[in-house]
Amino acid sequence: MRVLLVGAGGVGGAITRIAARRPFFEAMVVADYDRGRAEAAVAALGGDARFTAGQVDAGDEAAVAGLLARHRCDALLNATDPRFVMPLFRAARAAGATYVDMAMSLSRPHAERPYEECGVKLGDEQFAQAADWEKEGVLALVGMGVEPGLSDVFARYAADELFDEIEEIGVRDGANLTVDGYRFAPSFSIWTTIEECLNPPVVYEAGRGWFTTEPFSEPEVFDFPEGIGPVECVNVEHEEVLLVPRWVDARRVTFKYGLGGEFVETLNTLHLLGLDRTDPVTVPGPDGPVAVSPRDVVAACLPAPATLGERMRGKTCAGTWVRGLRDGKPREVYLYHVVDNQWSMAEYGSQAVVWQTAVNPVVALELLATGAWSGAGVLGPEAFPAHPFLDLLTAYGSPWGMREQ
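Residues in the sequence shown are numbered consecutively from 40, following the numbering used here.
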């Protein structure tokens, strides 16, 4: 397998460190808009000849397709933010390459009833092209990070191995991470965090389909494992709710994120001030008026998540809570994956949240390279057998767990 990795930020850099320990691929081209960042990611690997650095604008489909062709890459792994999903998705199809991402095409709220009805849903633009990908015999594996990604694999595993009937699948994400010296320092891209947290959350119910609620609705306290403990979680827009019902039979699907009151208050303040907007506003500059996106300004004012590892303490947990029936009796389980920041920094030099996101697409690429996973069309992780993935994740030195509730 020859891979083009687009994006050499925190997650992209962690991907290279994880992949460097595995033999399944022949070459990986690490490309970023900032060539220096790509070169630094490659240099950190100590001379592994399989890796080369390149420069590309992720929004330039022709340039990306040309890079795929020039390096004879048969897979494109997207490690950029969701704004670039569609151009990279189209570029991979133009080149006939397998496409893998960790987020999906962006949503747009319903114009009149944003907190009751879905407008354009996450992934709609990608799924609209599914028939063309399938006809051409090319695979787009979408939502293959940790959430979405591993959480979807857990949903597939629960349906196949643990339950006869599923009442609800609820992804629950929580952590006890702190960052020394900062009151507000998101451990993941603030651009993506604002997008998913301030958009109307989506819920799925059988018979009703997908619908939306108010941001941060339906708070609940969820007890996370391995010492993290109780965390208040709220509804947040996320891809699993749009993916899981396509392949797994469940009466209800939700996603709730443990944000914390101060974090929610900060996001609401950004929204109140219009600083969550992506449309440019004009501000004075030294050489005249300059158009800037308020959200990009917020991101520029905060520390880059990848640089926070040395200041971070604690653990992060991603998991899937499932309740239903087994042999006619009620059952409730939580399938989870915990990463301790101290371990990920010592072992890989990557902070816990970006490492946990990065390991899953590498596992998926290895399964595709060996043929353990295969397919054509636009498919989510739950379209594939779960056992090979979970076994290989454990072999990567990062086991998962299951708790009977």
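Note that the Cβ used here is the ideal one computed from N, Cα and C, for glycine as well.
Item	Value
Identified DSSP bridge partners for Lys368	Arg365
Inter-residue Cα distance where the pair is Ala136 and Val177	7 Å
Cα-Cα separation between Glu65 and Ala58, rounded to whole angstroms	11 Å
8 Å CB neighbourhood of Trp394 in its chain, flanking five on each side removed	Ala53, Ile57, Val378, Ser383, Tyr387
Range of the contiguous beta strand (DSSP E) that encloses Ala66	66-71
Unbroken beta strand (DSSP E) run spanning Glu386, endpoints	Run containing Glu386: none in the beta strand (DSSP E); it sits in the alpha helix (DSSP H), 380-387.
Residue nearest to Ala397 in terms of C-alpha spacing, selected from Glu186, Arg41, Leu107, Arg152	Glu186
Three-pair Cβ contact test at 8 Å for the stretch 226-240 versus the stretch 273-281	yes
Distance CB(Pro344)-CB(Gly51) smaller than 7 Å	no
Given Arg352 as reference, the closest of Thr231, Phe128, Gly266, Glu206 once Cα atoms are compared	Gly266
Proximity winner among Ala101, Leu106, Gly98, Glu100, relative to Ala36 (alpha-carbon distances)	Lying before the first or after the last residue shown, residue 36 is absent from the chain, which here runs from 40 to 444.
Residues bridged to Gly358 [DSSP beta-bridge criterion]	Arg211, Tyr375
Which listed residue (Ser226, Val81, Glu200, Gly158) has its alpha carbon closest to that of Leu347	Ser226
Exposure of Gln451, with buried meaning 16 or more beta-carbon neighbours within 10 Å	Since the first residue of the chain shown is 40 and the last is 444, residue 451 is not available in this structure.
Proximity below 7 Å, CB of His376 to CB of Ala357	yes
Sheet register partners of Pro438 (DSSP bridge)	Beta-bridge pairing links Pro438 to no other residue.
Ser437 classed as buried or exposed, judged by whether at least 16 other C-beta atoms fall within 10 angstroms	buried
Backbone CA spacing between Arg334 and Val372 [nearest angstrom]	38 Å
Proximity of Glu100 and Arg74 at Cβ, strictly below 7 Å	no
Whole-angstrom distance between Ala118 and Ala97, CA atom to CA atom	10 Å
Residue ranges of each alpha helix (DSSP H) within the stretch 262-337, 4 or longer	278-286, 300-311
The stretch 194-205 in contact with the stretch 281-296 per 3-pair CB rule at 8 Å	yes
CB contact flag (Ile229, Ala289, <7 Å)	no
8 Å contact criterion, which Thr355 and Ala385 should meet: CB distance rounded	At roughly 16 Å, the Cβ-Cβ gap does not stay under 8 Å, so Thr355 and Ala385 are not in contact.
Cross-strand partners of Met351 (DSSP beta bridge)	Val218
Buried versus exposed, by CB contacts within 10 Å (16 or more), Gly248	exposed
Beta carbon of Cys272 nearer than 7 Å to that of Arg211	yes
Where Gln94 falls: helix, strand or coil (DSSP)	strand
Exposure label - Pro62; buried when at least 16 CB within 10 Å	exposed
Beta-carbon proximity list for Pro148, same chain, < 7 Å, skipping 5 on both sides	Gly158, Asn238, Pro239
Environment of Glu120 [buried if 16+ CB atoms lie within 10 Å]	A quick correction: the sequence has Asp, not Glu, at residue 120. Buried, because 16 or more other Cβ atoms sit within 10 Å of the Cβ of Asp120.
Bridge partners - Tyr138, DSSP secondary structure assignment	Leu115, Ala179
Element boundaries [alpha helix (DSSP H), containing Phe193]	189-196
Beta-bridge partners of Tyr243, as assigned by DSSP	Trp249, Val292
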